[in-house]
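See below for the structure under consideration.
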Amino acid sequence: MYSKNDIVTITIDDIGTEGQGIGHINGYALFVKDTLPGDKVKVKITKVKKNYGYAHLLEVLTPSSDRVKARCNNATRCGGCQLQHYSYEKQLDYKQNKVRNCLIRMGGCEETFIDSVMEPIIGMDNPFNYRNKAQFPVGRAKDGGVSIGFYAGRTHSIIDCTECHIQSDISNRVAEIVRSWMIETKLAPYDEKSHTGLIRHILTRIGYRTGDVMVCLVVTDIRVHGIEGLVDRLKVIDGLRSVCLNINKDRTNKILGTDIVNVYGDNYIEDYIGDIKYRISPHSFYQVNPVQTEKLYNTALEFAGLTGNEVVWDLYCGIGTISLFLAAASKRVLGVEVVSQAIEDAKVNAKANGIANAEFVACPAEDIADYLDNSASFDKYKSPDVIVVDPPRKGCDAGLIDTILDISTERIVYISCDPATLARDVKILGEGGYRVERVRACDMFGMTVHTECVVLIQRKHT
Ligand code: SAH
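Here the sequence shown is numbered in our numbering, starting from 4 and rising by one per residue.
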């Protein structure tokens, strides 16, 4: 048996859901962050439990053939990327397996069956600099200066870094401009512990196709002395379309407060997915990887099998991105989302694109059947032919699954950003008379352990 502080040499033979390497000694599993299958490593044991333990990497004795040099010097400390030291090809295998294993272990699917329905993961052509949205925390550096960067894994200590390799170069440049302006104007960064200071976060959003740039400073007070000076400096950035302040006075981990004050240009940017133009506000949910989003939505469109005659529900619709993407191929689409501001954006987006066969309601997805029962003008949506769901990580609410089983819709297209909750829901749907027909993962988050996945689930006809 091993004890804390023991130093051992092991070969890593597996990789966990958080990206940690796993090695076994006589059947005892040790989790070691920053290691990969195939690595022979020297580690120090940090925690011992009955069947498994944790260890800290001391030295890579023989590197795995899949190990590559991380581009970012902060890769091991930053909480953002967990897999930069893994070849991209292997990152894709890892994600493919993650989805497969979840569907087998938690989804109640047979191995051979999953292998017959699972298509190859859609990888990225360039897995770097893909993000269209950055949220840099701002804080006081140890030497008294301004620290801008990212949180270290599982903490709120800021790693100073404005050269993030998964962000757009524009976002990195904006962060540096804000830093030099803060230093010159002597504006205080926010201090989480004492709840003092002014500037908390820098939020940027970039329109991939339009080139629009939004800079939103999250501040504790609307009075930001010298903000015009920042706007002048930011004007060197091509496409600058919006500079705004978001006021967040609360002692909270939530990044954005409710109120937004515009200080330059519009209070939104625009971007395209396919032929559809979307308006994006600081608060709106919008997929962070624009190139892969188009591939993801095309996969959902293909799985939906639309002929032009279908009534479609797009549940968890955000600003209506998927609804509008599917509208041209269907009879009509109903978008449902709990955030009412997002529904307002969705309506504006439908109108701006001249799409008349999509309507939107602000309502929890799990309450949609009741909502329709109580509003006669929505009768035409009562029996959907296809239901698309794209829930947050916690998956679909149990009440929604009951509704789906109740109305026994023919096809469900499930878009998921967490294969574990996807598998949980697939199992319940499976027990209720549905069957998985197609599965395709899509990598939206290169260098991280996260993956997106689209599943076609069809009602069984006996
Ligand atoms: N389909 C959109 C958004 C997906 S993100 C897109 O691709 O851009 C998930 C969305 O679900 C968020 O907009 C979130 O506000 C919304 N949401 C969370 N819980 C919900 C619920 N119970 N009912 C409806 N929408 C919900």
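Think of the CB as a built atom: it goes at the ideal place given N, C-alpha and C, for glycine as much as any other residue.
| Item | Value |
| --- | --- |
| For residue 116, three-class secondary structure by DSSP | helix |
| Distance cut-off 7 angstroms: residue 422 Cβ against heavy atoms of the ligand SAH | no |
| Cβ contact check for the region 135-153 and the region 165-172: 3 or more pairs under 8 angstroms | yes |
| Stretch-stretch touch, CB-based, cutoff 8 angstroms, three pairs: the region 299-314 with the region 387-398 | yes |
| Spatial distance of residue 365 from residue 148 (CA atoms) | 44 angstroms |
| Own chain, CB closer than 7 angstroms to residue 98, minus 5 neighbours either side, in chain order | 124, 444, 446 and 454 |
| Rounded separation between residue 206 and residue 285 - CA only | 8 angstroms |
| Spatial distance of residue 236 from residue 145 (CA atoms) | 27 angstroms |
| Presumed contact (8 angstroms Cβ cut-off) between residue 248 and residue 220, rounded CB distance | 5 angstroms |
| Sequence-distant residues of its chain with Cβ nearer than 7 angstroms to residue 155 (five each side left out) | 80, 81, 82 and 162 |
| Whole runs of the alpha helix (DSSP H) within the region 367-434, excluding any shorter than 4 residues | 371-376, 401-410 and 422-434 |
| According to DSSP, residues forming a beta bridge with residue 218 | 207 and 246 |
| CB of residue 273 within 8 angstroms of CB of residue 281, strictly | yes |
| Classification of residue 251 by the beta-carbon crowding that lies within 10 angstroms, buried from 16 upward | buried |
| Contacts around residue 223, its chain only, beta-carbon distance under 6 angstroms, and the 5 residues preceding and following it disregarded | 201 and 252 |
| Distance between beta carbons of residue 254 and residue 198, contact taken as under 8 angstroms | 5 angstroms |
| Own chain residues within Cβ distance below 8 angstroms of residue 7, not counting five before or after | 48, 49, 50 and 51 |
| Residue range of the unbroken alpha helix (DSSP H) whose run includes residue 306 | 293-307 |
| Residue 292 classed as buried or exposed, judged by whether at least 16 other C-beta atoms fall within 10 angstroms | buried |
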